[in-house]
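Heads up, the thing below is written out as structure tokens.
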Amino acid sequence: MLTFESLSETAEFARKWVPFCKKHNIEPRAPEFYFQQKIDYLKDKIQPSFVKERRAMKREYEEFKIRINALVAKAQKVPEEGWTMADGTAWPGNNPRDHPGMIQVFLGHSGGLDTDGNELPRLVYVSREKRPGFQHHKKAGAMNALIRVSAVLTNGAYLLNVDCDHYFNSSKALREAMCFMMDPALGRKTCYVQFPQRFDGIDLHDRYANRNIVFFDINMKGLDGIQGPMYVGTGCCFNRQALYGYDPVLTEADLEPNIVVKSCCGGRKKKSKSYMDNKNRMMKRTESSAPIFNMEDIEEGIEGYEDERSMLMSQKRLEKRFGQSPIFTASTFMTQGGIPPSTNPASLLKEAIHVISCGYEDKTEWGKEIGWIYGSVTEDILTGFKMHARGWISIYCMPPRPCFKGSAPINLSDRLNQVLRWALGSVEILFSRHCPIWYNYGGRLKLLERVAYINTIVYPLTSLPLIAYCVLPAICLLTNKFIIPEISNYAGMFFILMFASIFATGILELRWSGVGIEDWWRNEQFWVIGGTSAHLFAVFQGLLKVLAGIDTNFTVTSKANDEDGDFAELYVFKWTSLLIPPTTVLVINLVGMVAGISYAINSGYQSWGPLFGKLFFSIWVILHLYPFLKGLMGKQNRTPTIVIVWSILLASIFSLLWVKIDPFISDTQKAVAMGQCGVNC
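So, in structure tokens, the structure goes:
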């Protein structure tokens, strides 16, 4: 009810806001962020009426916010009999888990005009049907319902996906995407155009690497040179045909790099019969799966095309693929989008209600082969992967002005929970049939793109060796042993060359991408923080889900609230078990440093040299965990007692067990030390 009434208020405000933005070329067009800007808003504004109109519009917006806040306050007190609509009837959505599908068109062809008399973009409220006993698949299920509704009502050839915590920072975002989507060469094989994520409200030093600069400006940019970037869940413009599971229209040149095997000398081998059969089969698949009908032909008489349609697929196969909606199925054959002007809006609304019913996807390919793919909490990775596996390419668009901006969790616990959800999704994909390691071999997914997807799903497993490497320095200090045995100068040279190559690669990446050294270091620090906490938990939770069927509910990332001051959320402590492992690692290393220094003091000056080498590794671990330590202490520089108790307990148990076991000493040496070797001494 709150969303419905808020959209109604938004539609009324849009009638004044949209013409104001167009007249004065306002950027960004999200009013909250436009009026918050601390810049000279008179710059480049030459119309004398601008100041007066801006002042009036700001007053309109403040009144709009008051009305929205009143609706929010009203929604806090739910009446015992439930909400009622303006006509006195009960609101159908009083039970959020059991209600019919609802659609309301606020703006569009039915009178959606602004104050200048121009037509506004269509604004439609959609609430899909919810019934007990049906799996709704969260965001992925909601997106699939929206695909079908939009196909029935408007059937635009392209779709834009933006999360609720993001806004348009540039009104030219769609135009940027259309430059690629409508390109004669690229457009027919481009499944989506992905924009980088940029964020507002992050602390100056980006303590927890919320900006993800290394990922968006290095990794994603690098993928743009292979088969395209991954879909990251927001800020993405889709080709509708790609979401329907169709194959791209590829030429022989597109297919050849995936099929031709080159000899070791670089020349091509003679094309064998198996190669020609494979290429012909792939070409045939491309031609047969490309949509060849348009909506106008189908509306004039579907019966006249029964022969052609039967050649493509039978009616029963169409229903199994797209569901039992003739209008929606017909729309999938229309490559350029649109609906016939003679269509009755009432019949379309009835059909739109039908396609968002909770049982519509039963025994269809929705969520399996078409639309947003089910099976992981990170449905975005799966969805993009399926498109790339069919041979589609994607584009990474990075205009000078960021097209979209959003908010990110700046609180330590919220950030770790966000990373946990991402890592858990990767583990789910790793143990599913869609795992990039084995899925669709021999298809159209390029080898390097496959390697990139494999890296995306296996990274949580790196938490296991990472924990070992973070604890080993402390073990060496506690046992007075070194991590590695003495090595020869020849072997040491190889170690130096390896580290030099890693260092050189990092420098080249930073210079190529323009990423600063501080952003790179923050990314390295949070990789260790996340690896010793969220990634480790994700591995075990994923194994529990796969092996024991124990499902894990993830928490939706909370957003920052600056009512208590700038970055107030940064210093708020929220208890989560994710804090225990990295705190334990910190305590173990601090205890190890104290033990190592104490041993050196008691052993004389000759033991200080080896000590510095051991201390270096422990200090290196602590430096990586320093942002975590600051977040743990909060604004009052005081760590919660429960975290300290658990961490010291675990660190003490681990240290005592290690000293007792001491795997660096053989069984004979232990027996001699304990005087239990008898005649064998």
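The numbering of the sequence shown is full-length UniProt numbering, which starts it at 1 and goes up by one. C-beta atoms are modelled at their ideal positions from N, C-alpha and C, and glycine is treated no differently.
Item	Value
Bridge partner(s) assigned by DSSP for E119	L113
Nearest candidate by alpha-carbon position, reference S577, set R55, A534, I353 and K22	A534
Spatially closest choice to K221 from S513, P581 and L623, by CA coordinates	S513
Beta-carbon proximity check, G425 vs I370, cutoff 8 Å	no
A423, DSSP secondary structure in three states	helix
N602 CB to nearest heavy atom of the ligand ZN below 7 Å	This structure lacks the ligand ZN, and indeed carries no ligand of any kind.
Same chain, Cβ closer than 7 Å to V214, neighbours up to 5 away in sequence not counted	V515, D519, W520 and N523
8 Å Cβ cutoff met for G156 and G323	no
Coil, strand or helix - H24 by DSSP	helix
Contact set for A117: own chain, Cβ-Cβ below 6 Å, skip 5 residues either direction	Here residue 117 is Gly; the residue named in the question, Ala, does not match the sequence. Cβ neighbours of G117 beyond the five flanking positions: none.
Where L204 sits in the DSSP three-state scheme	coil
Nearest-angstrom beta carbon gap, H137 and K130 [assumed within contact, 8 Å]	With a Cβ gap of about 12 Å, K130 and H137 do not count as contacting.
DSSP beta-bridge partners of Y360	Y360 is not bridged to any residue.
CA nearest to the CA of A474, picked from T584, K386 and Y441	T584
Own chain partners of G443 with C-beta closer than 6 Å, once the 5 adjacent residues on each side are dropped	A389
Cutoff 8 Å; reference C435; Cβ partners in own chain excluding five residues on either side	I429 and I457
DSSP-derived helix/strand/coil call for T394	Note that residue 394 is Ser in the sequence shown, not Thr. Here S394 sits in strand by DSSP.
Nearest-angstrom Cα separation, counted from Y192 out to C237	5 Å
A538 beta carbon less than 8 Å from that of A423	yes
Outcome for I327 when other beta-carbon atoms lying within 10 angstroms are tallied against a minimum of 16	buried
Coil, strand or helix - R401 by DSSP	coil
Candidates H624, L536, N480 and N25: closest to Y599 by CA position	N480
Coarse secondary structure for Q104, derived from DSSP in three states	strand
Residue burial classification, D203 (beta-carbon count within 10 angstroms, cutoff 16)	exposed
Backbone CA spacing between G384 and F195 [nearest angstrom]	14 Å
Backbone secondary structure at A500 - three-state DSSP	helix
Closest Cα partner of A86 within the set S8, I68 and P132	S8
Cα-Cα separation, L544 to V377	15 Å
C-beta atoms of A173 and C403 nearer than 8 Å	yes
Euclidean distance between Cα positions of P48 and M398	34 Å
Reduced DSSP category for A90 - H, G, I as helix; E, B as strand; rest coil	strand
Spatial distance of L412 from V587 (CA atoms)	19 Å
Buried/exposed call for T418, threshold 16 Cβ in 10 Å	Looking at the sequence itself, residue 418 is Gln, so the reference to Thr does not match. So Q418 ends up on the buried side.
For H99, the nearest candidate out of W91, V105 and Q606 (CA to CA)	W91
Chain B within 8 Å of A468, Cβ atoms only	Checking the listed chains, one finds no chain B in this structure; it contains a single protein chain.
Where N523 falls: helix, strand or coil (DSSP)	helix
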